[in-house]
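Numbering (my numbering), first residue to last: 15 to 381.
Accompanying notes for the structure given below.
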């Protein structure tokens, strides 16, 4: 006897998808996610940036109280927020001291960003415009414009600094790119070119009148005194433009640090990236040199200090690097006003100590 068996439909039960385990990045992160933006911000970097902003604001406010005309903190704040306050104090704060403090922020941020670009480009903490000669080239260009051509406007000095810096960058790049590009060779060639340009600058200064030489020497010390909104506004516009153009480098330069082959495989052109980085880095140096003269060692120290504070693996952390540079210059300028010297003297003194420590640390790691 046959028994017909009807198939029994067994409902299929889909296995539940296991939840994706969160990725452990090794550090605490803040997640920002909207319909258009998604980002992960390290908590440590955010805290460092907030602390640096507090330092910049505090030191900048303190610098506006320093000078022959004594003004206390309360009077400075009242002059800033209250248009009906004492007109004499408002004139001192707004026309003399506030532009200087804002210029210190701008110069520090520009120098630090330039230093981060070149240190990432050369993959060497010594690959700073101060060391490889680009700053000296910009200084040489401004010296020619001021002393030889007798032109002293900001835009013409900026053009001279840009041309001098780009010429130096091209010369160093050509001399150092024999067969393959080496960061060590680039630094050594840059030091040699910087020494040569420094000698030419000295020869020019001893060949002109004492008045011209004194004017160039005063500018060459690096000072933020006598700078007003007339110089600040065009400098700020150029700085914003160059900074916006530099933002893509924060993504491409860290990839280029892994080597040309890795960068090419990820769709990045090494030659085009290096050219853009050099032009933008020199433009930032020219921006500062034309206005305030050579302010040394900020481009060398700020990226390394920022990298250690945020524990980043690249000196190209844009926001933290710029805030570190701004804090260094604002604090240095406040100290310079207290001891009545140009800010460049303070940064050279501090930077020289930092450079000696950096060289000793690198030598200790190799031995």
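Built from N, CA and C at the ideal position, the CB exists for glycine as well.
This one's a predicted model, so the numbers in the text were calculated from it and none came from an experiment.
*asked:* Can you check which of these residues, 269, 296 and 281, is closest to residue 149 by C-alpha distance?
replied: Taking the chain shown and counting its residues from 1, one reaches residue 149 at position 135. With distances taken between Cα atoms, residue 149 lies closest to 296.
- Pairwise C-alpha distance: residue 61 and residue 138: As a working note, residue 138 is residue 124 in the chain shown. As a working note, residue 61 is residue 47 in the chain shown. Rounded to the nearest angstrom, the two C-alpha atoms are 27 Å apart.
Cut-off 7 Å between Cβ atoms - residues of its own chain near residue 333, not counting five sequence neighbours on either side
Here the question's residue 333 lines up with position 319 in the chain shown. Closer than 7 Å at Cβ, skipping near neighbours: 63.
Ignore the nearest five residues each way along the sequence and tell me which others in residue 308's own chain have a CB closer than 7 Å to its CB. The residue labelled residue 308 in the question sits at position 294 within the chain shown. Correct list, in chain order: 149, 153, 234, 236 and 358.
When you compare each of 43, 172, 59 and 71 to residue 344 by their alpha carbons, which one comes out closest?
Translated into the one-based positions of the chain shown, residue 344 becomes position 330. The candidate whose alpha carbon is nearest that of residue 344 is 71.
- Query: For residue 46, which of helix, strand or coil comes out of DSSP?
  - Reply: Counting from one through the chain shown, the residue named residue 46 turns up at place 32. Correct three-state label for residue 46: strand.
Q) Taking the alpha helix (DSSP H) that residue 128 falls in, what are its first and last residues? A) Here residue 128 refers to the residue found at position 114 of the chain shown. From DSSP, the alpha helix (DSSP H) with residue 128 extends over 112-136.
- Task: Whole angstroms is fine: what's the gap from residue 259's alpha carbon to residue 265's?
- Result: Within the chain shown, residue 259 is the residue found at index 245, counting from 1. Within the chain shown, residue 265 is the residue found at index 251, counting from 1. Between residue 259 and residue 265, the C-alpha separation is close to 12 Å.
Item checked: Alpha-carbon spacing of residue 325 relative to residue 185, whole angstroms -> Residue mapping note: residue 325 aligns to position 311 of the chain shown, counting from 1. Residue mapping note: residue 185 aligns to position 171 of the chain shown, counting from 1. Straight-line spacing of the CA atoms in residue 325 and residue 185 works out to 34 Å.
Item to complete: Select from 126, 103 and 73 the residue whose C-alpha is nearest the C-alpha of residue 83.
Response: Here residue 83 refers to the residue found at position 69 when the chain shown is read from its first residue. Of the candidates 126, 103 and 73, 103 places its Cα closest to the Cα of residue 83.
#### Entry: Helix, strand or coil at residue 372 according to DSSP, with G and I counted as helix
Taking the first residue of the chain shown as position 1, residue 372 is located at position 358. Helix, per DSSP.
(Q) Does the distance between the C-beta of residue 76 and the nearest non-hydrogen atom of the ligand NAD fall short of 7 Å? (A) With respect to the ligand NAD, the structure offers nothing, as it holds no ligand at all.
Considering just the uninterrupted stretch of the alpha helix (DSSP H) at residue 222, what are its terminal residues? What you label residue 222 is simply residue 208 of the chain shown in a count that begins at 1. No alpha helix (DSSP H) holds residue 222; DSSP gives it neither H nor E.
What does the alpha-carbon distance come out to for the pair residue 271 and residue 283? Taking the chain shown and counting its residues from 1, one reaches residue 271 at position 257. Taking the chain shown and counting its residues from 1, one reaches residue 283 at position 269. Going by the C-alpha atoms only, they are around 13 Å apart.
*Residue span of the alpha helix (DSSP H) that contains residue 168, given as start and end*: Start at 1 with the first residue of the chain shown, and residue 168 comes out as number 154. It spans 168-190 - the alpha helix (DSSP H) in which residue 168 sits, taken as one unbroken run.
Here's the rule I'm using: 16 or more other beta-carbon atoms within 10 Å means buried, otherwise exposed. How should residue 311 be labelled? Reading the chain shown from its first residue, position 297 is the one you call residue 311. When all chains shown are included, residue 311 counts as buried.
Just to confirm the assignment, what range does the alpha helix (DSSP H) spanning residue 246 have? Residue 246 sits at position 232 when you count from the first residue of the chain shown. 243-260 is the span of the alpha helix (DSSP H), which, as asked, contains residue 246.
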